[in-house]
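Visitor: Sharing a structure, written as C-alpha cells. Questions coming.
Protein chains: 2
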Amino acid sequence: MHNFNLYLPTKLFFGQNRLSELPQVLKPLGSRILITYGGGSIIKSGLLDTVKKSLRDFTLFELSGIEPNPRITSVRDGAAICKKEKIDILLAIGGGSVLDCTKNIACGAYYDGDPWDLVLDTSKITRALPIVDIITLAATGSEYDAGGVITNLETNEKRAIIHSLLSPYASFCDPSLTQSVPAWHTAAGAADIMSHTFEQYFVKDGNILTDGFCEAMLRTVIQMTPVAIKDPNNYEARAQLLMASSFGCCNLLCIGRSASAWPCHAIEHEISAFHDITHGVGLAIITPHWMRYSLNTETAPKFAQYGRNVWNLTGDDTMVIAREAIDRTAQFFTEIGIPSKLSDVGVTDKHFEEMADHIPQCWSPLTDAFVPIDRNGVLEILKNSL
Amino acid sequence: MHNFNLYLPTKLFFGQNRLSELPQVLKPLGSRILITYGGGSIIKSGLLDTVKKSLRDFTLFELSGIEPNPRITSVRDGAAICKKEKIDILLAIGGGSVLDCTKNIACGAYYDGDPWDLVLDTSKITRALPIVDIITLAATGSEYDAGGVITNLETNEKRAIIHSLLSPYASFCDPSLTQSVPAWHTAAGAADIMSHTFEQYFVKDGNILTDGFCEAMLRTVIQMTPVAIKDPNNYEARAQLLMASSFGCCNLLCIGRSASAWPCHAIEHEISAFHDITHGVGLAIITPHWMRYSLNTETAPKFAQYGRNVWNLTGDDTMVIAREAIDRTAQFFTEIGIPSKLSDVGVTDKHFEEMADHIPQCWSPLTDAFVPIDRNGVLEILKNSL
Chain L
30 MHNFNLYLPT KLFFGQNRLS ELPQVLKPLG SRILITYGGG SIIKSGLLDT
80 VKKSLRDFTL FELSGIEPNP RITSVRDGAA ICKKEKIDIL LAIGGGSVLD
130 CTKNIACGAY YDGDPWDLVL DTSKITRALP IVDIITLAAT GSEYDAGGVI
180 TNLETNEKRA IIHSLLSPYA SFCDPSLTQS VPAWHTAAGA ADIMSHTFEQ
230 YFVKDGNILT DGFCEAMLRT VIQMTPVAIK DPNNYEARAQ LLMASSFGCC
280 NLLCIGRSAS AWPCHAIEHE ISAFHDITHG VGLAIITPHW MRYSLNTETA
330 PKFAQYGRNV WNLTGDDTMV IAREAIDRTA QFFTEIGIPS KLSDVGVTDK
380 HFEEMADHIP QCWSPLTDAF VPIDRNGVLE ILKNSL
Chain Z
30 MHNFNLYLPT KLFFGQNRLS ELPQVLKPLG SRILITYGGG SIIKSGLLDT
80 VKKSLRDFTL FELSGIEPNP RITSVRDGAA ICKKEKIDIL LAIGGGSVLD
130 CTKNIACGAY YDGDPWDLVL DTSKITRALP IVDIITLAAT GSEYDAGGVI
180 TNLETNEKRA IIHSLLSPYA SFCDPSLTQS VPAWHTAAGA ADIMSHTFEQ
230 YFVKDGNILT DGFCEAMLRT VIQMTPVAIK DPNNYEARAQ LLMASSFGCC
280 NLLCIGRSAS AWPCHAIEHE ISAFHDITHG VGLAIITPHW MRYSLNTETA
330 PKFAQYGRNV WNLTGDDTMV IAREAIDRTA QFFTEIGIPS KLSDVGVTDK
380 HFEEMADHIP QCWSPLTDAF VPIDRNGVLE ILKNSL
C-alpha cells in the first residue's frame, strides 16, 4: 500500500431544510459576505432570495454570471470585490463551476498579482477567505474537495487549482435543490461522478477497501441516474447522487493507491478549453474509448473485476467480461441521453494536434496512466471519440 | 435518505516512515507535551524512545499505565498533570484505549470538576487540548473519530464520551507498528472493526452507497485478518486492516442511514464493565447470537444481502442464505482464534440481570435496534452467548 494523507475538513450539512442553520454557521466567520453565483436559475427558483432574507444580519455583496466552465476573468472580478469591500466570507450558490471559481477568488483575495498566477503556481497561495457553499448539482464534488478548475480563454488553458486552504469551511447539500436540474445536466453530472471514480479505480495498484468504495460509487450512480432522469423529483435518487458526488474528488477513493494520471480529465480539459462543451458530456464520450485503448491482457482482470462487481457480469473469460463491461459503460451513457460522439456536440478535429501537444504542459504525464498514453495515444482516443 | 452531518477534521498521516513529520505537526500547537501510553510494549519496541528523541525541542511529560479498558482514575491523573504542568498538547501512543483515555483527559484538562461529569454530560465540554496520536493497533478507529469509552469501576459503568472537540488533530497510522501485535489482539481488533460496521450496516433504512462502503469494509477485514495472523509482518494485510479501522467509527459508514442503537456494543460494554475482557473478543462472541436473535422474515433480505455481497453466497432462498451468512460469521471468528462462548473468557451469568437493567441507563434504547431488543431479549442473547 502506498503512503497517503487524508484531510477532509469541510463540514457537510446534508439533507432537506438545513438552510435555517446557515446564519449560525456563517456568524463566527465574519459579517461581510460576497455571494457568488452563475445564471438566473437560483433567482428564478427563489433560492437566492430565501438565502438573502435569512442573512439580513450580514452585509451582502454579489458576483453573478459565473460561467459553466468558469473563467479567470470572473475570478479577477471576484477578487477585486473582496479587496475593495473587505469581504470576510464567500458564499457560493450553484454547481461545481461556481464553487471552483469561488475557490480561486478565495485565494486571489489575498494575492497582490493576477489570480491566474495562483493557478499556475499554487505555492504562491498563503491564505484564503473561508468558503461556504450551497450546492445545487450532483457532479463535481467541489463541495467536499480542495480543488477547482479554471479556464483562461486568452491562452486556451483549462487548469486545476488544488490547495488544502481551498476546502470549503462548510457545504450545504440539499438534494431537493437538485430536483430542478434538467435531464441533460443530471446525466452530465452522473458521468462526471463516474469519471472521477474511474480515474482513481483504474490504476496500477489498488486495494480491496477502496476498490470496494469505488465500486459502490459506480453502482450507486448507475442505479440512481435513470431514476432521477425519469422522475426528477425522486428525492432518494437525487440524495444518493448528491452524496456520491461529494466523495468523487475528496481523496477518499484514492487512498493507498497508485497516483492516478486522470487521463480522461486531461483530454476533456483540452477539449473544453477549445470548445465550450459540458464537462461531464465530454468525459462520457471519451471514457469508453479511453477504456478500449487501455484494455490489454495485463489490464483485463481489472476491467473484468469492474464488470463483475459493478455490472454483475458472470463467466470465466476475463477478456470477454472486460469487453462487455466497457460496452455496458458506453451503452449506459447513451441510455441516459449523452451523445456518443464529439462531433455530436460540435467538436471537430481542428485542434486535436494542439490539444495533444498541450496536455504535457498542463497536466501530469499520461505515461503514468493505467496504460501509458503518449501523444499518438491521445490522438487515437480523440479520433475514436469524434 | 435521512439528513446527516459529516465532519472529519483529523489529519491522517498514513504509512511507513512518517514519524519524521511529527515535530512539524506538533510545533504550531505548543511546546509542552504530555505523552500518554499504556504498558511497556512501546518501551520494549523502542518506539517511545524514538519519539522522545525526535521531540527534543519540546518539554515532555509522561502518563503511563493506561489500562486496556481505560479507567476514569487514569483520566483524573492525566487531567491533573495537564493543569499542573500547563500542557499544550496530548500525544497518545498506543491502541484505542490509550487514545480514548487521552480524549477524556483533553476535555478534563479544561474542566474544574471530576472528568467523569463530562462522560455523563458532554454538554459540559467547552474546550479540549489538541490531541495527536501514534496508533499501534487496528481496532477501535479512535484515531479518526470523536469518541472514547471510559470505565468507572466504582460504579461498574463503561460509557462512551462523544464530542466534536475530541477528534484528534492528527493521527499517525503506520501499519508497520502493528506488525508486533499478537494474534489474539489482531483477531480482537478485526472483530471490533467488523462489529462497528455491522452496527451501522444492519439498520432499518440503509442506502446503496454506504451499504457498499460497509460491505467493502467487511470483505477487507475477512480477507486480511487471516493473512495478518498467519504472517504478522505482512505489511499489506496490516495496512488494509489499519486503514479499515479508521473508517469504523468516524460516521462515514452511517451517513444517510437510520440511527443505530449499536446493540452489540451496548451488551458488550455491560460485560466488560463487570469482567475485564478484551472488548473485541466480547463483541465477536455476542455478534452471531445477536444476529440470530435479529433474523426474521422482515430482516432476512438484509442478512442475505450481507451473505451475497460479503461471503459470495449464491442461491434463491433468502432465509437459507441469511442463516448461512450468520454461520459463516461465527465460523470466521472461530477460525481467527476467538472463543465462541463467554464462559471461555471467564464470564458467568452472575451479573446478567444487572447488566440487562443497566443498559437503558447507559445507552440509547435497544428498542431502536434493527430488531427491537427488550430486557428479555438482552438476557436471551447473553444466555445464548454463555
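Chains L and Z are the protein sequences, given in the same order. 30 is the number of the first residue of the first sequence in my numbering; add one for each residue after it. 30 is the number of the first residue of the second sequence in my numbering; add one for each residue after it. Glycine is no exception: its CB is placed at the ideal position from the N, C-alpha and C atoms.
(1) In its own chain, which residues sit with a C-beta less than 8 Å from the C-beta of Z/Pro368, not counting the 5 before and 5 after it?
(2) Measure how close the beta-carbons of Z/Ser103 and Z/Ile95 come, nearest whole angstrom, since I'm counting them as under 8 Å.
(3) Buried or exposed: which applies to Z/Gln390, given that a residue is buried once 16 or more other Cβ atoms fall within 10 Å of its Cβ?
(4) Which one or two residues does DSSP pair with Z/Gly176 in a beta bridge?
(5) Going by beta-carbon coordinates alone, are L/Gln208 and L/Asn262 separated by less than 7 Å?
(6) What are the residues that DSSP puts in a beta bridge with Z/Ala266?
(7) Please give me, in chain order, every unbroken run of the alpha helix (DSSP H) with length at least 4 that falls completely inside the region 204 to 274 of chain Z.
(8) Let's test the definition: count the other Cβ atoms within 10 Å of the Cβ of L/Ser126 and tell me whether it reaches 16, buried, or not, exposed.
(9) Under the three-state reduction of DSSP, which class applies to Z/Cys111: helix, strand or coil?
(10) Where does the unbroken alpha helix (DSSP H) through L/Gly309 begin, and where does it stop?
(11) Does the beta-carbon of L/Gly177 have 16 or more other beta-carbons within 10 angstroms, so that it is buried, or is it exposed?
(12) Suppose contacts are defined by Cβ-Cβ distances below 7 Å. Is Z/Cys279 in contact with Z/Tyr139 by that definition?
(13) Taking DSSP's pairing of strands, which residues face Z/Gly379 in a bridge?
(14) Could you name the residues of the region 39 to 50 of chain L whose beta carbon sits closer than 9 Å to any beta carbon of chain Z, in the order they occur along the chain?
(15) Below 7 Å CB to CB, which residues in the same chain sit around Z/Ile154 once its five sequence neighbours on both sides are set aside?
(16) Can you check whether the CB of L/Pro330 is closer than 7 Å to the CB of L/Thr307?
(17) Report, in whole angstroms, the separation of the C-beta atoms of L/Ile116 and L/Ile110, which I expect to be a contact under 8 Å.
(18) Identify every residue that forms a DSSP beta bridge with Z/Asp162.
(19) Terminal residues of the continuous beta strand (DSSP E) containing L/Phe33?
(20) Using 8 Å as the Cβ pair cut-off and three pairs as the minimum, do the region 218 to 227 of chain L and the region 244 to 257 of chain L touch?
(21) So, L/Ala216 versus L/Leu312, is the Cβ gap smaller than 7 Å?
(22) So, does the CB of Z/Ala472 fall closer than 7 Å to a CB anywhere in chain L?
(23) How would you write the range of the alpha helix (DSSP H) that Z/Ile71 sits in, first residue to last?
(24) Got a sec? Which residues, its chain only, sit under 7 Å from L/Trp392 by beta carbon, not counting five neighbours each side?
(25) Would a C-beta distance cut-off of 7 Å place Z/Gly366 and Z/Ala257 closer than the cut-off?
(26) When the distance is taken between beta carbons, is Z/Asp356 closer than 7 Å to Z/Leu415?
(27) Compute the beta-carbon to beta-carbon distance between L/Thr169 and L/Leu206, rounded to the nearest angstrom, for a pair I have assumed lies under 8 Å.
(28) DSSP three-state label for L/Arg352, please.
(29) Would you tell me roughly how many angstroms separate the C-alpha atoms of Z/Arg61 and Z/Phe87, rounded to the nearest one?
(30) Buried or exposed for Z/Ser152, please, with buried defined as at least 16 other CB atoms from any protein chain shown within 10 angstroms of its CB.
(31) Here's the rule I'm using: 16 or more other beta-carbon atoms within 10 Å means buried, otherwise exposed. How should Z/Pro317 be labelled?
(32) Return yes when the Cβ of L/Ala121 is within less than 7 Å of the Cβ of L/Thr184, no when it is not.
(33) Does any residue of chain L bring its CB to less than 7 Å from the CB of Z/Tyr335?
(34) Would you call the region 38 to 53 of chain L and the region 52 to 59 of chain Z in contact, with 3 or more CB pairs under 8 Å?
(35) Give me, in chain order, the residues of the same chain whose beta-carbon lies closer than 6 Å to that of L/Arg267; leave out the 5 immediate sequence neighbours on both sides.
(36) Against chain Z, with Cβ distances strictly below 7 Å, would L/Phe242 count as a contact?
Guide: Judging by the given coordinates:
(1) Within the second sequence, the letter at position 339 stands for residue 368 of chain Z. Spatial neighbours of Z/Pro368 in its own chain (CB-CB distance under 8 Å, excluding positions within 5 residues in sequence) are listed in chain order as Val310, Ile314 and Val374.
(2) The residue you call residue 103 of chain Z lines up with position 74 of the second sequence. The residue you call residue 95 of chain Z lines up with position 66 of the second sequence. Indeed, because the Cβ distance is near 5 Å, the residues count as touching under 8 Å.
(3) For the purposes of this step, residue 390 of chain Z is taken as the residue at position 361 of the second sequence. With fewer than 16 Cβ atoms within 10 Å of its Cβ, Z/Gln390 is classed as exposed.
(4) Within the second sequence, residue 176 of chain Z is the residue found at index 147, counting from 1. In the DSSP output, where bridge partners are listed per residue, Z/Gly176 has Z/Ile191.
(5) Working through the first sequence from its first residue, we reach residue 208 of chain L at position 179. Working through the first sequence from its first residue, we reach residue 262 of chain L at position 233. Yes, the pair counts as a contact, with Cβ atoms nearer than the cut-off.
(6) On the second sequence, position 237 is the one that residue 266 of chain Z refers to. Beta-bridge pairing links Z/Ala266 to no other residue.
(7) Entirely contained in the region 204 to 274 of chain Z, the alpha helix (DSSP H) runs reaching 4 residues are, in chain order, 212 to 230 and 237 to 259.
(8) On the first sequence, position 97 is the one that residue 126 of chain L refers to. Classification of L/Ser126: buried, given that the 10 Å Cβ count is 16 or more.
(9) Taking the first residue of the second sequence as position 1, residue 111 of chain Z is located at position 82. Residue state, collapsed to three classes: helix.
(10) Here residue 309 of chain L refers to the residue found at position 280 when the first sequence is read from its first residue. Unbroken alpha helix (DSSP H) run through L/Gly309: His308 to Ser323.
(11) Your numbering for residue 177 of chain L matches position 148 in the first sequence. Buried, by the Cβ-count rule.
(12) Here residue 279 of chain Z corresponds to residue number 250 of the second sequence, with the count starting at 1. Here residue 139 of chain Z corresponds to residue number 110 of the second sequence, with the count starting at 1. In this structure, Z/Tyr139 does not lie closer than 7 Å to Z/Cys279 by Cβ.
(13) For this step, residue 379 of chain Z is matched to residue 350 along the second sequence. Gly is not the amino acid found at residue 379 of chain Z; the sequence shown has Lys there. Here Z/Lys379 is not bridged, per DSSP, to any residue.
(14) Thr39, Lys40, Leu41, Phe42, Phe43, Gly44, Gln45, Asn46 and Arg47
(15) Counting from one through the second sequence, the residue named residue 154 of chain Z turns up at place 125. Counting only Cβ-Cβ distances below 7 Å, and skipping sequence neighbours, we find Cys136, Leu147, His192 and Leu194.
(16) The residue you call residue 307 of chain L lines up with position 278 of the first sequence. The residue you call residue 330 of chain L lines up with position 301 of the first sequence. Taking 7 Å as the Cβ cut-off, L/Thr307 and L/Pro330 do not qualify as a contacting pair.
(17) Position 87 of the first sequence, counted from the start, is the residue given in the question as residue 116 of chain L. Position 81 of the first sequence, counted from the start, is the residue given in the question as residue 110 of chain L. So it is a contact: roughly 7 Å between Cβ atoms.
(18) Position 133 of the second sequence, counted from the start, is the residue given in the question as residue 162 of chain Z. DSSP links Z/Asp162 through a beta bridge to Z/Ala121 and Z/Ser200.
(19) Stepping through the first sequence from its first residue, residue 33 of chain L is reached at position 4. L/Phe33 -> beta strand (DSSP E) spans Phe33 to Phe43.
(20) yes
(21) For the purposes of this step, residue 216 of chain L is identified with residue 187 of the first sequence, where counting begins at 1. For the purposes of this step, residue 312 of chain L is identified with residue 283 of the first sequence, where counting begins at 1. Their beta carbons are not under 7 Å apart, which means L/Ala216 does not touch L/Leu312 by this criterion.
(22) Look at the range of chain Z in this structure, 30 to 415, and you will see that residue 472 of chain Z is not part of it.
(23) To locate residue 71 of chain Z, count along the second sequence from 1; it is residue 42. Looking at the DSSP string, the run of the alpha helix (DSSP H) that includes Z/Ile71 is Ser70 to Lys73.
(24) In the first sequence, residue 392 of chain L corresponds to position 363, counting from 1. Excluding sequence neighbours, L/Trp392 sits near Ala295.
(25) Here residue 366 of chain Z refers to the residue found at position 337 of the second sequence. Here residue 257 of chain Z refers to the residue found at position 228 of the second sequence. Result no, Cβ atoms of Z/Gly366 and Z/Ala257 do not sit closer than 7 Å.
(26) As a first step, residue 415 of chain Z is located in the second sequence; it is residue number 386 there, counting from the start. As a first step, residue 356 of chain Z is located in the second sequence; it is residue number 327 there, counting from the start. Not in contact: Z/Leu415 and Z/Asp356 (Cβ atoms no closer than 7 Å).
(27) Position 140 of the first sequence, counted from the first residue, corresponds to residue 169 of chain L. Position 177 of the first sequence, counted from the first residue, corresponds to residue 206 of chain L. 15 Å between Cβ atoms; not a contact.
(28) Looking up residue 352 of chain L in the first sequence gives position 323. If DSSP states are grouped into helix, strand and coil, L/Arg352 belongs with the helices.
(29) Here the question's residue 61 of chain Z lines up with position 32 in the second sequence. Here the question's residue 87 of chain Z lines up with position 58 in the second sequence. Between Z/Arg61 and Z/Phe87, the alpha-carbon positions lie close to 6 Å from each other.
(30) Start at 1 with the first residue of the second sequence, and residue 152 of chain Z comes out as number 123. Under this definition Z/Ser152 is an exposed residue.
(31) Reading the second sequence from its first residue, position 288 is the one you call residue 317 of chain Z. Buried, because 16 or more other Cβ atoms sit within 10 Å of the Cβ of Z/Pro317.
(32) If you number the first sequence from 1, residue 184 of chain L lands on position 155. If you number the first sequence from 1, residue 121 of chain L lands on position 92. No; because the gap between Cβ atoms is not below 7 Å, this pair is not in contact.
(33) Taking the second sequence and counting its residues from 1, the one referred to as residue 335 of chain Z is at position 306. Chain L has no Cβ within less than 7 Å of the Cβ of Z/Tyr335.
(34) no
(35) Translated into positions along the first sequence, residue 267 of chain L becomes position 238. Within its own chain, the residues whose Cβ lies closer than 6 Å to the Cβ of L/Arg267, once the five positions on either side in sequence are excluded, are Pro204, Thr207, Gln208 and Ala257, listed in chain order.
(36) For the purposes of this step, residue 242 of chain L is taken as residue 213 along the first sequence, with counting starting at 1. Closer than 7 Å: yes.
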